[in-house]
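Protein chains in written order, with our numbering: chain A, 883 to 1354; chain B, 883 to 1354.
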């Protein structure tokens, strides 16, 4: 490399540093709308660079509508920046934009909650639970008087560890497992421990909406990568990792939420290798693994991990007992230490009673019977929704597992209006843009078939189609 | 005020801004040990101030060992700053210093856990719980199949609300209550919702150690105020509030942890008024209210609040059923909305089973019987510890409630060594400095009498005294 190239690369970096420096303060609201920015001269002095470099950064900021020029008195903060989306050329967006508030849709009272990716309580093994609870009290009479350790009950971690080793060939010890209050807490803890403001976090597009909110709140810069029915474009993934050095990539490779896609087995090992090469952690959220309608899904990414690249999140309570709120994280000791410390400042571990009830049910023969029935019931419900939609020109890829149908509406109906009119008819659904870190997928919706019974699903979908028809 | 005074005040502010600007980056580790700092000229240009102002800021930073001067080449970051305590004249300290890791002391295996402010499981009403659990399953057969709302079970919130209104004259509705996974989660959520980096948070000195960690991790600047057996010096509190405009003051006014002090009734109303006047929220942690040995403690601060100044945290599970992990927060709707949103990204509400069991036990007649017995048992244990200590020249104020004795050792024994030697003898305790945001109280220890039985307490204290005697 000759000297000129070196110097030009060096100047590029400085340029980028100044661009980011200014933009960061604007996005964080430290420098407010219409506030005067430091002069070119002052910034040049501070960064010890040529004034032209600062000038160029300001020009690009102006072009991207981050700043404006007034008369000859200098640069000022463009209004409205705090809430806007920063794209440049790549699908990278800045944090500090508004949250999606899926939780607010969930709070709407409605008869047809197609928004709810939660299991119908009638499909749960309610009848048996009081038996297991009795068993737990007989075995551990002081269970309610005892705190669990922060990391989680030793007995449960040992049994779960054996389960993961036996079923998925994990290379794992019980000390590498943490018990959490569901997998939402796991994502939250990981974000707090691994992500600092301005760190880059890679997300699938679309993805699980609360994950977007959690990483955003942490101040992360979000980087989106498409997930399709054939999986990822791994060359694109590698290019983005090389270019932006994301701290982690949050993936949901099995019956993906919201699309239902499953990353093929042959991509899994390669993804782990690529991430390892670029020092990017893979956070694998494996919530729907047991909910398959045809054959079992491919092995988790964690199975292929020999280098501590993958952090594995598995929640069980979603389809066993939501009231127990039990999730688990598998990861290597260095990260585990950070997670346990963070959890100790949040609570003193998942309630022991819940862990023990879960343990006794999960390792009983009844679980298998429950799952067999559950898969059939959900497949039937999914088919009901698909049968209703068959009469429309809406399109979707039939999922082979999970709780959701990811549907594209043929015409650009204003989503706000569709949601509003639907709520008037006592129907809720999840607008696609809430699941997209880039706020695209404007004409997509997520319809969950897990919560309503057959009759309600039929009625709800028919009503939704009628609402749509009145708007198009 | 003449023009000169105005200008000098203006220059003071600029001076402070530059001092803080440099210090903040050093403490955050953005500017690392031995790294060269921006020149006086560059900073003067950036802040548009006279070079003398920057020079003065650097001189004070040098004096306070934050930076050093090398030859004539400029200012450099002094090593070791990230972990040091920043005091200037007032008891204000910067964040980003090491955490205290009380949790690590708790992880030590020991026969005599005088560090553990947790109830002896044998003192809990274990026998009755299975009965309440059965009752809950009979009443709500689908309890394990159902998520609670994020804010907490409506029935529980209504009953608790009535309890607070009846007993403590709270002006409260059920919508102003949040159910949390113990009060640790409540502190954590509040810190995340109310405190941004560089916000000032006021703490008692000493205080509950994990609270220090939580606010520190949030990037807060900590401001400490003494708590004594007569309460606070309210003039000092007001002076600090006026000067530093803290976002909130975390207080533990009733059988305070670790000291056992109780703020007198006549100070409570005044504190609420002062805090209101200075727009400082009071976060009242009321965990030991029911554990009194003599007469009932004065009413909570929340009782005196008519302006939304107090946020009230109450945990019950500590002395009822740690395994249930139930706590509650009372606050006004604006803050409640933020808390519920933050909680929705952490979990989907405390597990419903735990909430229902708690409800049925808490409002049964058995609770009162349990509390009556518990108060006697704890008073006896406290007296045992005091009887053993009577033979020494250690000093303490006998607490009228709570789980802890706050003890001053007469000679400056190196605390590290005392803890180390104690652990060798299978004894743990909490060193005072862990409870002090300013890392003072070097010769104080917190001894909890809640976890060990009479015999263990006697032996543990005797052994601890012997370890101390070998070191002095």
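All C-beta atoms in this analysis are idealised placements derived from N, C-alpha and C, irrespective of residue type, glycine included.
Opening and closing residue of the beta strand (DSSP E) in which residue i lies
i              : result
residue 1106/A : 1103–1108
residue 1166/A : 1163–1167
residue 1086/B : 1082–1087
residue 1290/A : 1286–1290
residue 1332/B : First-last for residue 1332/B: undefined, no H or E at that position.
residue 1133/B : 1130–1133
Proximal residues of chain A, C-beta to C-beta of residue i below 9 Å
i              : result
residue 1310/B : Neighbours of residue 1310/B on chain A: none; closest Cβ ~15 Å, over 9 Å.
Proximal chain B residues relative to residue i, where beta-carbon distance stays under 7 Å
i              : result
residue 1063/A : 1063, 1229
residue 920/A  : 928
Closest Cα partner of residue i within the set the options
i              : options                        : result
residue 928/B  : 916/B, 942/B, 896/B            : 896/B
residue 1154/B : 939/B, 1174/B, 1061/B, 1132/B  : 1132/B
residue 1096/A : 1335/B, 1228/B, 913/B, 1297/B  : 1228/B
residue 1187/A : 1150/A, 925/A, 1078/A, 984/A   : 1150/A
residue 1169/A : 930/A, 1068/A, 1299/A          : 1068/A
residue 987/B  : 1287/A, 905/A, 1226/A          : 1226/A
residue 1071/B : 1189/B, 949/B, 1111/B, 1222/B  : 1222/B
residue 1076/A : 1320/A, 953/A, 1219/A, 944/A   : 1219/A
residue 881/B  : 917/B, 1129/B, 989/B           : Since the first residue shown for chain B is 883 and the last is 1354, residue 881/B is missing from the structure and cannot be characterised.
residue 1183/B : 1215/B, 1161/B, 1134/B, 1080/B : 1134/B
residue 1126/A : 1045/A, 1082/A, 1087/A         : 1082/A
residue 1334/B : 1146/B, 941/B, 1002/B, 943/B   : 1002/B
residue 1088/A : 1140/A, 1055/A, 1062/A         : 1140/A
residue 1012/B : 1009/A, 944/A, 1011/A, 1016/A  : 1016/A
residue 1194/A : 1270/A, 1054/A, 1249/A, 1269/A : 1054/A
residue 1109/A : 1009/A, 1084/A, 1350/A         : 1084/A
residue 1199/B : 1233/A, 1204/A, 1201/A         : 1233/A
residue 1065/B : 1042/B, 1204/B, 1235/B, 946/B  : 1204/B
residue 1024/A : 1202/B, 913/B, 1349/B, 1022/B  : 1202/B
residue 1058/A : 1338/A, 1211/A, 1243/A         : 1211/A
residue 919/A  : 931/A, 905/A, 1285/A           : 905/A
Chain B contact residues for residue i, given Cβ-Cβ distances below 8 Å
i              : result
residue 1236/A : 1233, 1235, 1236
residue 923/A  : 927
residue 1019/A : 1011, 1012, 1015
Range covered by the alpha helix (DSSP H) that runs through residue i
i              : result
residue 1269/A : 1247–1271
residue 1210/A : No alpha helix (DSSP H) holds residue 1210/A; the beta strand (DSSP E) holding it covers 1209–1212.
residue 1346/A : 1336–1353
residue 1199/B : 1199–1202
residue 1300/B : 1297–1306
Neighbour flag for residue i against chain D, beta carbons, 7 Å
i              : result
residue 1168/A : Included in the structure are the protein chains A and B, with no chain D among them.
Within chain B, the residues that residue i reaches when beta carbons sit closer than 9 Å
i              : result
residue 1066/A : 1226, 1227, 1228, 1229, 1230
residue 1129/A : Under the 9 Å cutoff, chain B gives no residues; its nearest Cβ is about 17 Å from residue 1129/A.
Tell me which residues of the stretch 1024–1042 of chain B have at least one Cβ-Cβ distance to chain A shorter than 9 Å, keeping chain order. Those would be 1024, 1025, 1026, 1027, 1028, 1029, 1030, 1031, 1032, in chain order.
Short-range partners of chain B found in the stretch 928–962 of chain A, where Cβ spacing is below 8 Å: Hits within the stretch, in order: 928, 930.
Select from the stretch 1217–1233 of chain B all residues with a C-beta closer than 7 Å to any C-beta belonging to chain A, and list them in chain order. Correct list: 1223, 1226, 1227, 1228, 1229, 1230, 1233.
Which of the residues in the stretch 1093–1119 of chain B, read from start to end, lie with their CB under 8 Å from any CB of chain A? Of all residues in the stretch 1093–1119 of chain B, 1095, 1096, 1099 have a Cβ within less than 8 Å of some Cβ in chain A.
Closer than 7 Å, Cβ to any Cβ of chain A: which residues of the stretch 992–1013 of chain B, in chain order? The residues in question are 1000, 1003, 1006, 1008, 1011, 1012.
Please list the residues of the stretch 1196–1209 of chain A that have a C-beta atom closer than 8 Å to any C-beta atom in chain B, keeping them in chain order. Under the 8 Å Cβ criterion, the stretch 1196–1209 of chain A contributes 1203, 1204, 1205, 1206, 1207.
If contact means a Cβ-Cβ distance below 8 Å, which residues of the stretch 1238–1266 of chain A contact chain B? Using a CB distance below 8 Å, the part of the stretch 1238–1266 of chain A facing chain B consists of 1239, ordered along the chain.
Segments assigned alpha helix (DSSP H), at least 4 residues, entirely inside the stretch 898–964 of chain B: Listed in chain order, they are 922–929, 933–945.
Residues in the stretch 1070–1095 of chain B having any Cβ partner in chain A nearer than 7 Å: So the list reads 1070, 1092, 1095, given in the order they occur along the chain.
Jot down the residue ranges of each uninterrupted beta strand (DSSP E) in the stretch 1006–1063 of chain B, minimum 3 residues, whole runs only, in chain order. Those beta strand (DSSP E) runs which fall completely within the stretch 1006–1063 of chain B and span 3+ residues are 1059–1062.
Which runs of the alpha helix (DSSP H) spanning at least 4 residues fall entirely within the stretch 1140–1189 of chain B, listed in chain order? As for any alpha helix (DSSP H) of minimum length 4 sitting wholly inside the stretch 1140–1189 of chain B, the runs are 1147–1159, ordered along the chain.
Contiguous alpha helix (DSSP H) assignments of at least 4 residues, all confined to the stretch 1219–1250 of chain A: Segments of the alpha helix (DSSP H) lying fully in the stretch 1219–1250 of chain A: 1234–1244.
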